[in-house]
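So in this note's numbering the end of the sequence shown lands on 500, straight run, no missing numbers. Glycine included, every Cβ here is placed at the ideal spot set by N, Cα and C. Please read all numbers here as calculations on a predicted model, not as lab measurements. Contents: one structure, followed by commentary.
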Amino acid sequence: MARIPHVIAGEKVMDAARTQAVFNPATGEAQHELSIASAETVEQAIAAAAAALPAWRSTSLTKRADVFFNLRQLLKQRTPELAAIVTSEHGKVLSDAAGEIARGLENVEFAAGLLHLLKGERDEQVSTGVDVHSVKQPVGVVAAITPFNFPVMVPLWMIASAIACGNTVVLKPSERDPSASVFIADLFREAGLPDGVLNVVHGDKVADDTLLDSPAVKAVSFVGSTPIAKYIYERAAANGKRVQALGGAKNHMIVMPDADLDMSADAAVSAAYGSAGERCMAVSVVVAVGEIGDVLVAKIKERMEKLVIGDGTDPASEMGPLITAEARDRVESYVAGAAAEGATVVVDGREAKFEGDGFFTGVSLIDHVQTGSKVYRDEIFGPVLAVVRVDTYDEGVTLINEHQFGNGTAIFTRDGGLARQFEFEVEAGMVGINVPIPVPVGSFSFGGWKDSLFGDSHIYGPESIHFYTRSKVITTRWPNPDQSKVDLGFPSNS
Ligand code: NAD
């Protein structure tokens with residue numbers, strides 16, 4: 007089995023004391039051995055980042071921008087290779103893996119505009135002879151802790167802007183699919199990033215706690231499940247760091263009686279089951295308003311039957327396995343318990359049959375879901391779509407607003423006025439109007455509301471520049487030129 011190393015100050019380093027297997031979810035086989043970092047190893051990575059900081063923050067903006075222009079090219083050229091790595095450890099189909107690389111590229115392209123992004127402001131003559139200007143300076147060493155479900159895109163959400171702003175980084179990716187981060191670190195190096203600016207350590211709570219407690223780490227970006235996001239937020243904040251911690255989701259899609267039901271069913275199927283539902287922006291609840299419920303459920307079911315589930319490397323596959331056997335069992339337990347909670351299981355994914363030992367489950371559709379049930383309340387994070395029936399739009403929007411999570415949401419309707427009303431009153435950070443997965447483009451920022459985000463800065467885009475920089479304001483007075491003339495003893499016409 008190949009061993010996956012940490013990357014510290016440009017060196018590939020192994021921790022032999024603790025290792026963990028990395029599986030291929032499509033076959034169920036352990037394929038790599040991962041070094042799990044000790045606290046000492048993480049301290050070394052933090053020290054490497056701290057040592058690289060003075061030179062990197064002094065590097066000219068044009069040289070910094072060059073790294074991102076080079077990286078963009080490299081990422082484009084090497085997309086098939088990187089996508090194959092993602093599929094082999096995450097399980098998502100190759101087209102999905104390439105899709106997440108394309109979304110991550112947006113963050114690299116945004117970072118390449120750093121000359122514009124890091125501009126300060128200036129006010130001349132705020133008082134007689136006095137000017138004020140501001141600059142944006144890096145915060146220092148940044149910790150980036152990422153989840154398994156987007157092993158390329160989510161690290162790029164963080165590290166592109168953090169590095170562009172002149173910070174140095176310790177990235178701690180998910181231990182389930184860690185190879186993509188090592189690949190990205192290698193590409194950054196090839197693009198011209200000096201050693202030590204981006205370090206990668208693999209591990210678990212030991213690594214994360216070391217990052218959260220280190221006085222040298224000044225900012226923490228985290229994406230993962232809500233309980234861990236809350237923990238990270240509290241511990242990092244208690245240690246005086248700035249922190250943004252993005253958590254879980256339960257995204258609702260309201261379908262109004264006037265909506266195009268074929269378009270809505272297509273959207274529900276791709277947004278609920280794409281990437282096996284392991285997306286924080288996946289649609290997990292369809293709210294059917296009025297009389298359309300039966301027709302909509304029938305249309306969704308019809309489309310589900312055509313979905314091809316299989317190994318992500320097979321071009322015919324539209325959905326791959328879940329990340330682990332435990333994740334599959336957990337997802338299936340919700341389907342198993344749904345009927346007892348008063349719902350109707352229309353399609354039971356547990357009935358799908360797969361050969362081999364991969365972590366596959368079929369797609370499930372659960373109708374008449376009760377809002378007090380676990381299927382409705384919990385983030386299932388798998389290919390399970392719940393349908394809740396309501397009589398009116400108001401009931402639907404109230405459901406969304408009362409839910410614990412507020413990551414993304416969508417409305418399907420032909421009524422512009424209603425869509426505007428939804429945009430105005432819905433309690434979620436990202437809203438789609440006839441768009442099921444409204445992930446903002448890289449020039450905007452990404453973030454949810456309520457228990458989907460702890461902290462006040464959204465991730466990537468303009469808010470990332472604010473998060474990864476400290477503002478300094480300089481007030482200046484220079485002696486009046488007339489008063490400062492010095493008599494050097496030369497004749498006045500010399
Ligand atoms: P997770 O919370 O289990 O793990 C995320 C990271 O935290 C990993 O690096 C993991 O090693 C670390 N971690 C796990 N337990 C820890 C602990 N006790 N102490 C310290 N660190 C710990 O999440 P996951 O299963 O990898 O990812 C799926 C979750 O991420 C879902 O809940 C999904 O909604 C969420 N997610 C959210 C967004 C968003 O933008 N809001 C994006 C992607 C994923």
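For aspartate 214, verify whether its CB is less than 7 Å away from any heavy atom of ligand 1. Along the sequence shown, read from residue 1 onward, the residue named residue 214 stands at position 208. Yes; taking the cut-off as 7 Å, the Cβ of aspartate 214 has a heavy atom of ligand 1 nearer than that.
Could you pull the DSSP bridge partners for glutamate 39 from this structure? Position 33 of the sequence shown, counted from the start, is the residue given in the question as residue 39. Glutamate 39 pairs with Arg9, Ala27.
Do you know offhand how far proline 153's Cα is from glutamate 308's? Position 147 of the sequence shown holds residue 153. Position 302 of the sequence shown holds residue 308. Cα to Cα, the separation comes out at about 33 Å.
Alpha carbons only, please: which of Thr398, Asp373, Lys256, Lys478 is nearest the one belonging to lysine 305? Mapped onto the sequence shown, residue 305 falls at position 299. Among Thr398, Asp373, Lys256, Lys478, the Cα nearest to that of lysine 305 belongs to Asp373.
Pick from Gly34, Arg128, Ile260, Lys256: whose alpha carbon is nearest that of serine 477? On the sequence shown, position 471 is the one that residue 477 refers to. It is Arg128 whose Cα lies nearest to the Cα of serine 477.
For serine 281, count the other beta carbons within 10 Å of its own beta carbon; 16 or more makes it buried, fewer makes it exposed. Which is it? Within the sequence shown, numbered from 1, the residue matching residue 281 stands at position 275. Classification for serine 281: buried.
Please specify which runs of the beta strand (DSSP E), each continuous and at least 3 residues long, are wholly inside the region 171-195, giving them in chain order. You should have 174-178.
Looking only at DSSP bridge pairs, what is alanine 225 linked to? Here residue 225 is taken as the residue at index 219 of the sequence shown, counted from 1. In DSSP, alanine 225 forms a bridge with Val148, Arg248.
Is threonine 152 near ligand 1, with its Cβ less than 7 Å from a heavy atom? Your numbering for residue 152 matches position 146 in the sequence shown. Flag set: Cβ of threonine 152 near ligand 1.
Leaving out the 5 sequence neighbours to the left and right, which residues in its chain are closer than 8 Å to glycine 135 when beta-carbon positions are compared? The sequence position of residue 135 within the sequence shown is 129, counting from 1. The residues are Arg483, Trp484, Asn486.
From alanine 274 to leucine 67, what does the alpha carbon distance come to, in whole angstroms? Working through the sequence shown from its first residue, we reach residue 274 at position 268. Working through the sequence shown from its first residue, we reach residue 67 at position 61. In a straight line, the C-alpha of alanine 274 is about 44 Å away from that of leucine 67.
Following a CB-centred definition, is alanine 255 positioned closer than 7 Å to any heavy atom of ligand 1? The residue given as residue 255 occupies position 249 in the sequence shown. Because some heavy atom of ligand 1 lies under 7 Å away, the Cβ of alanine 255 counts as near it: yes.
Among Thr415, Tyr340, Val207, whose alpha-carbon lies nearest the alpha-carbon of arginine 383? Position 377 of the sequence shown, counting from 1, holds the residue named residue 383. Comparing Cα-Cα distances from arginine 383 to each of Thr415, Tyr340, Val207, the minimum goes to Tyr340.
Nearest to alanine 298 by CA position, among Val393, Phe194, Gly422, is which residue? Taking the first residue of the sequence shown as 1, we reach residue 298 at position 292. Before going further, note that residue 298 is isoleucine rather than alanine in the sequence given. The option with the nearest alpha carbon to isoleucine 298 is Val393.
Is the region 354-374 touching the region 187-207 in the sense that three or more CB pairs, one from each, lie closer than 8 Å? The region 187-207 makes no contact with the region 354-374, as fewer than three CB pairs between them are under 8 Å.
How should threonine 350 be labelled, buried or exposed, when 16 other C-beta atoms within 10 angstroms of its C-beta is the threshold for buried? For the purposes of this step, residue 350 is identified with residue 344 of the sequence shown, where counting begins at 1. Result: exposed.
Looking at lysine 264: is its Cβ nearer than 8 Å to the Cβ of arginine 420? Indexing the sequence shown from 1 puts residue 264 at position 258. Indexing the sequence shown from 1 puts residue 420 at position 414. Lysine is not the amino acid found at residue 264; the sequence shown has aspartate there. Contact flag set, yes.
Per-residue DSSP class, three states only, for glutamine 427: Within the sequence shown, the letter at position 421 stands for residue 427. If DSSP states are grouped into helix, strand and coil, glutamine 427 belongs with the helices.
When DSSP labels each residue in this structure, what does glutamate 130 get in the three-state scheme? As a position in the sequence shown, residue 130 is number 124, starting the count at 1. Of the three classes helix, strand and coil, the one that applies to glutamate 130 here is strand, per DSSP.
I'd like to know whether the C-beta atoms of arginine 84 and glycine 172 end up nearer to each other than 8 Å. For the purposes of this step, residue 84 is identified with residue 78 of the sequence shown, where counting begins at 1. For the purposes of this step, residue 172 is identified with residue 166 of the sequence shown, where counting begins at 1. The answer is no: Cβ separation not under 8 Å.
Taking arginine 241 as the reference, give the member of Leu100, Val223, Glu311 with the closest Cα. For the purposes of this step, residue 241 is identified with residue 235 of the sequence shown, where counting begins at 1. Of the listed residues, the one whose Cα sits closest to arginine 241 is Val223.
Please confirm whether any heavy atom of ligand 1 lies closer than 7 Å to the CB of phenylalanine 450. To locate residue 450, count along the sequence shown from 1; it is residue 444. Flag unset: Cβ of phenylalanine 450 not near ligand 1.
Nearer than 7 Å: is that true of the beta carbon of tyrosine 237 relative to any heavy atom of ligand 1? Here residue 237 is taken as the residue at index 231 of the sequence shown, counted from 1. Under cutoff, so the answer is yes.
Residue span of the alpha helix (DSSP H) that contains alanine 380, given as start and end: Counted from its first residue, the sequence shown places residue 380 at position 374. The displayed chain sequence assigns lysine, not alanine, to residue 380. Run containing lysine 380: 380-383, per the alpha helix (DSSP H) assignment.
Euclidean distance between Cα positions of serine 500 and aspartate 488: For the purposes of this step, residue 500 is taken as the residue at position 494 of the sequence shown. For the purposes of this step, residue 488 is taken as the residue at position 482 of the sequence shown. Reliability of the predicted coordinates at serine 500 is poor, the pLDDT of 42 falling under 50, and no value is obtained from them.
Indicate whether the contact test is met: 3 or more Cβ pairs, each with one atom in the region 198-217 and one in the region 41-52, closer than 8 Å. yes
Is aspartate 363 near ligand 1 - that is, is its Cβ less than 7 Å away from at least one heavy atom of it? Numbered from 1 along the sequence shown, position 357 holds the residue referred to as residue 363. Because no heavy atom of ligand 1 lies under 7 Å away, the Cβ of aspartate 363 does not count as near it: no.
Cβ-heavy atom distance between proline 316 and ligand 1 below 7 Å? Sequence index remark: in the sequence shown, residue 316 carries index 310 (1-based). Residue 316 is actually glycine in this sequence, not proline. Checking the Cβ of glycine 316 against ligand 1 gives no.
Once DSSP output is grouped into helix, strand and coil, what is the label at threonine 330? One-based indexing of the sequence shown puts residue 330 at position 324. Threonine 330 falls in the coil class under three-state DSSP.
Which word fits histidine 122, buried or exposed, when buried means at least 16 other C-beta atoms lie within 10 angstroms of its C-beta? Stepping through the sequence shown from its first residue, residue 122 is reached at position 116. When all chains shown are included, histidine 122 counts as exposed.
Taking three-plus beta-carbon pairs below 8 Å as touching, is the region 92-104 in contact with the region 243-250? no
Cβ-based neighbour list, valine 203, same chain, cut-off 8 Å, excluding 5 preceding and 5 following: Sequence index remark: in the sequence shown, residue 203 carries index 197 (1-based). Around valine 203: Ala55, Ala58, Trp62, Ile169, Thr174, Val175, Phe194.
Count the other CB atoms within 10 Å of the CB of glutamine 131; is the residue buried (16 or more) or exposed (fewer)? Position 125 of the sequence shown, counted from the start, is the residue given in the question as residue 131. Classification of glutamine 131: exposed, given that the 10 Å Cβ count is below 16.
Beta-carbon separation (whole angstroms), glutamate 112 vs glycine 448, contact threshold 8 Å: By 1-based counting over the sequence shown, the position of residue 112 is 106. By 1-based counting over the sequence shown, the position of residue 448 is 442. Confirmed, about 3 Å.
Is glycine 438 buried or exposed, if buried means 16 or more other CB atoms sit within 10 Å of its CB? Your numbering for residue 438 matches position 432 in the sequence shown. Label assigned to glycine 438: buried.
CB valine 295 to CB tyrosine 466, shorter than 8 Å? By 1-based counting over the sequence shown, the position of residue 295 is 289. By 1-based counting over the sequence shown, the position of residue 466 is 460. No; because the gap between Cβ atoms is not below 8 Å, this pair is not in contact.
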